[in-house]
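Take a look at the structure set out below.
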Amino acid sequence: MADTDKLTTIVSTKGQVILPSAIRRRREWKTGTRLTVEDTPEGVLLKPAPAFAATRPEDVFGVLAYHGKPKTLDQMDAAVLAEARRRHDRD
Numbered sequence: 001m002a003d004t005d006k007l008t009t010i011v012s013t014k015g016q017v018i019l020p021s022a023i024r025r026r027r028e029w030k031t032g033t034r035l036t037v038e039d040t041p042e043g044v045l046l047k048p049a050p051a052f053a054a055t056r057p058e059d060v061f062g063v064l065a066y067h068g069k070p071k072t073l074d075q076m077d078a079a080v081l082a083e084a085r086r087r088h089d090r091d
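Going by full-length UniProt numbering, the first residue of the sequence shown is number 1, and it counts up by one from there.
And the structure:
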């Protein structure tokens with residue numbers, strides 16, 4: 001969007017701002033889209049909120065306990081493929 005195409009909006013008494021439909025369409029922000037709001041030196045930055053909270057491997061490591069000999073990557077790939085085939089054949 002060029003500087004000459006700048007759009008304006010108004011802050012309501014409740015602090016609400018309506019985003020112009022052209023921006024919502026371009027960003028594919030449908031009703032109910034969660035946005036993060038960041039105060040920057042240049043102004044306010046809106047970004048889609050992540051669907052899930054950020055996690056680190058150490059936060060979730062070991063959540064699904066497995067007792068037995070570790071599987072190889074080839075064994076895991078084969079198991080995923082077998083399950084996909086089983087689910088596809090079920091339809």
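We treat Cβ as the ideally placed atom computed from N, Cα and C, and that holds for glycine.
Counting along the chain, Val-44 sits inside the beta strand (DSSP E) bounded by residues 43-48. A contact is defined here as three or more CB-CB pairs under 8 Å, and the stretch 44-53 meets this definition with respect to the stretch 28-36. Under the three-state reduction of DSSP, Leu-7 is assigned to coil, being neither helix nor strand. Excluding five sequence positions before and after Val-80, none of the CB atoms of its chain fall closer than 7 Å to its own CB.
Rounded to whole angstroms, the separation of the alpha carbons of Arg-86 and Ala-53 is 32 Å.
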